[in-house]
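*Asks:* Before we start, here is the structure in question, set down as structure tokens.
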Amino acid sequence: MEMLQSLLILTAYAGPTLGTPCLPFSEEPRTGHNTPNVPHQGWAERQGSIPPCTSGHAPCLSPYSAVPLAHVEVEGRRDQPPLVLLHGLFGSHGNFQTVAKTLVRRGSGKVLTVDARNHGSSPHSPVMTYEAMSLDVQHLLSRLGITKCILVGHSMGGKTAMTLALQRPDLVERLISVDIGPGSTAPVSEFSAYISAMKEVKVPVGLSRSAARQLADDQLQPVVKLPELRQFLLTNLVEVEGRYVWRVNLEAISRHLADLMNFPVFHKPYPGPALFLGGSDSPYISSRDYPEIQRLFPKAEIQYIEGAGHIVHQDKFEEFITAVLNFLPQL
């Protein structure tokens, strides 16, 4: 269970890659009105014996540019600031779709669920740092004409949200970091083993989805012992043009594991309201994190939801929704 929590520390669901071919890029989904709640697979690195991509549509952008993030919007009250929900490592916007719809039904402003770079339907990039992911969200806000938002980030997404708030406090009305603080987290070696195992998965063309998942599960089992952890990883196995691929950019994530497990250095605090919302059964917001939280977020509240583990919004959904709504302005 400890190893499962270690992987989930930055995450919620998504996938990697077994090769480097590609498909043409599309920025869908842009809005929630006509977009199904499934990730668009415009970018996909493929696996196994698939040849390199020579189409000119390779999903690798400049290391120093922001990437256009795929996202889904759920329309809400116009007199409330929009919420931007950021998933964790190996996750996608779909992890927060039920949360988004529930918040809107209960009176929140518009909610955006976002795919991080190298995840879901968003483009791939060789860079995977919190500064880069913060820049991506800043560009998304600019593109949508959003001048102020409420950031809600889980694990890796929480660190991205904190980075953005510290870099551009003018864009952030308030911040909720879900079960993560501004410090170091799980050992890099654990994630390296999982990524290596995923890279080794070989799935022949033509299998049904259930057969492909079973075969991949069998191949992961020697390294990924926990069945629930394997099932978590296998949510990232997607079919593209008859081939099964891992959706996330394993190479970029592998190269930047040390960055993802740590947090950038900041000296100037974020002056706005902040909520650090942890699970009582999770180790990822502990008393040793309090001094750094208080230094960087002097207006922070720290709350724990009883009986929740790392994925607070899954373990205690109603309690999570209530905590978020109670922290929103004028609700």
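Residues -19 to -1, 1 to 312 in mature numbering (1 follows the signal peptide of the UniProt record, and there is no 0) are what the sequence shown lists, from first letter to last.
Beta carbons: idealized from backbone N, C-alpha and C, even for Gly.
I'd like the list of long-range same chain contacts for Pro208, defined as Cβ closer than 7 Å, with 5 residues on each side in sequence excluded.
*Replies:* On the sequence shown, position 227 is the one that residue 208 refers to. Correct list: empty, nothing qualifies.
*Asks:* Would you call the segment 304 to 312 in contact with the segment 56 to 64, where contact means no fewer than 3 C-beta pairs closer than 8 Å?
*Replies:* The answer is yes - the segment 56 to 64 touches the segment 304 to 312, with three or more Cβ pairs under 8 Å.
*Asks:* What are the uninterrupted segments assigned as beta strand (DSSP E) that are 3 or more residues long and contained completely in the segment 120 to 199, given in chain order?
*Replies:* For the segment 120 to 199, whole beta strand (DSSP E) runs of length 3 or above, ordered along the chain, are 130 to 135 and 153 to 159.
*Asks:* What separation, rounded to the nearest whole angstrom, lies between the Cα atoms of Leu70 and Ser165?
*Replies:* Indexing the sequence shown from 1 puts residue 70 at position 89. Indexing the sequence shown from 1 puts residue 165 at position 184. Roughly 15 Å between the two C-alpha positions.
*Asks:* If you measure between the beta carbons of Ala142 and Leu67, is that distance less than 8 Å?
*Replies:* Counting from one through the sequence shown, the residue named residue 142 turns up at place 161. Counting from one through the sequence shown, the residue named residue 67 turns up at place 86. Yes.
*Asks:* In chain order, what residues of the same chain lie with their CB nearer than 8 Å to the CB of residue 314, ignoring the 5 residues before and after it?
*Replies:* As shown, the chain starts at -19 and ends at 312. That puts residue 314 outside it, with no answer to give.
*Asks:* For my contact list, residue 333 and Thr110 are in at a C-beta cut-off of 8 Å; report their separation, rounded to the angstrom.
*Replies:* Residue 333 is absent from the model: the chain starts at -19 and stops at 312.
*Asks:* Using a Cβ cut-off of 8 Å (strictly closer), state whether Ile161 contacts chain B.
*Replies:* Here chain B cannot be found, since the structure has a single protein chain.
*Asks:* Relative to the alpha-carbon of Leu210, which residue among Ala192, Val221, Ala239 and Ala178 has its alpha-carbon at the smallest distance?
*Replies:* Translated into the one-based positions of the sequence shown, residue 210 becomes position 229. Checking every option, the nearest Cα to that of Leu210 belongs to Ala178.
*Asks:* Roughly how many angstroms separate the alpha carbons of Ser106 and Val229, rounded to a whole number?
*Replies:* In the sequence shown, the residue the question calls residue 106 occupies position 125. In the sequence shown, the residue the question calls residue 229 occupies position 248. Their Cα atoms are separated by approximately 10 Å.
*Asks:* Hey, Ala47 and Leu116 are a contact pair by Cβ (cut 8 Å); roughly how many whole angstroms apart?
*Replies:* Your numbering for residue 47 matches position 66 in the sequence shown. Your numbering for residue 116 matches position 135 in the sequence shown. Their Cβ separation, rounded to whole angstroms, is 5 Å, which keeps Ala47 and Leu116 in contact under 8 Å.
*Asks:* For Arg124, which option in Asp160, Pro49, Phe301 and Ser158 has the closest C-alpha, if you only look at C-alpha atoms?
*Replies:* Your numbering for residue 124 matches position 143 in the sequence shown. Here the closest residue by C-alpha is Pro49.
*Asks:* Look up Thr94 in the DSSP assignment and give the residues it is bridged to.
*Replies:* The sequence position of residue 94 within the sequence shown is 113, counting from 1. Thr94 is bridged to Val53 and Leu66.
*Asks:* Between Phe278, Ala97, Gly288 and Leu152, which has its C-alpha nearest Ser158's C-alpha?
*Replies:* What you label residue 158 is simply residue 177 of the sequence shown in a count that begins at 1. Nearest option by C-alpha distance: Phe278.
*Asks:* Please determine, among Thr83, Val95 and Ser89, the residue with the shortest C-alpha to C-alpha distance to His74.
*Replies:* One-based indexing of the sequence shown puts residue 74 at position 93. His74 has its Cα closest to that of Val95, out of Thr83, Val95 and Ser89.
*Asks:* May I ask you to list the residues that DSSP assigns as paired with Phe257?
*Replies:* In the sequence shown, residue 257 corresponds to position 276, counting from 1. Beta-bridge pairing links Phe257 to Ser158 and Ile283.
*Asks:* Use the C-beta contact count for Lys140: other C-beta atoms within 10 angstroms, 16 or more gives buried, fewer gives exposed.
*Replies:* As a working note, residue 140 is residue 159 in the sequence shown. Lys140 should be labelled buried.
*Asks:* With Leu277 as the anchor, note down where its alpha helix (DSSP H) starts and where it stops.
*Replies:* Here residue 277 corresponds to residue number 296 of the sequence shown, with the count starting at 1. Start and end: Tyr271 to Leu277.
*Asks:* Can you tell me whether DSSP reads Thr12 as helix, strand or coil?
*Replies:* In the sequence shown, residue 12 corresponds to position 31, counting from 1. Any reading at Thr12 needs caution, since the residue's pLDDT is 33, under 50, leaving its predicted position unreliable; the model's value is listed next. In this structure, Thr12 counts as coil in the three-state DSSP scheme.
*Asks:* Where Thr303 and Ala255 are concerned, what is the direct C-alpha to C-alpha distance, given to the nearest angstrom?
*Replies:* Counting from one through the sequence shown, the residue named residue 303 turns up at place 322. Counting from one through the sequence shown, the residue named residue 255 turns up at place 274. In a straight line, the C-alpha of Thr303 is about 16 Å away from that of Ala255.
*Asks:* Quick one: what's Val221 bridged to in DSSP?
*Replies:* Counting from 1 along the sequence shown, the entry for residue 221 is found at position 240. Paired residues: Arg224.
*Asks:* Could you compute how far the alpha carbon of Leu218 sits from the alpha carbon of Gly290?
*Replies:* Here residue 218 refers to the residue found at position 237 when the sequence shown is read from its first residue. Here residue 290 refers to the residue found at position 309 when the sequence shown is read from its first residue. Whole-angstrom Cα-Cα distance: 25 Å.
*Asks:* What is the DSSP secondary structure of Ser105, counted as helix, strand or coil?
*Replies:* The sequence position of residue 105 within the sequence shown is 124, counting from 1. The question names Ser, but residue 105 is His in the sequence shown. Note: His105 maps to strand in three-state DSSP.
*Asks:* Determine the closest residue to Cys275 out of Ile286, Lys249 and Ser263, with distance taken between C-alpha atoms.
*Replies:* On the sequence shown, position 294 is the one that residue 275 refers to. It is Gln, not Cys, that sits at residue 275 in the sequence shown. With distances taken between Cα atoms, Gln275 lies closest to Lys249.
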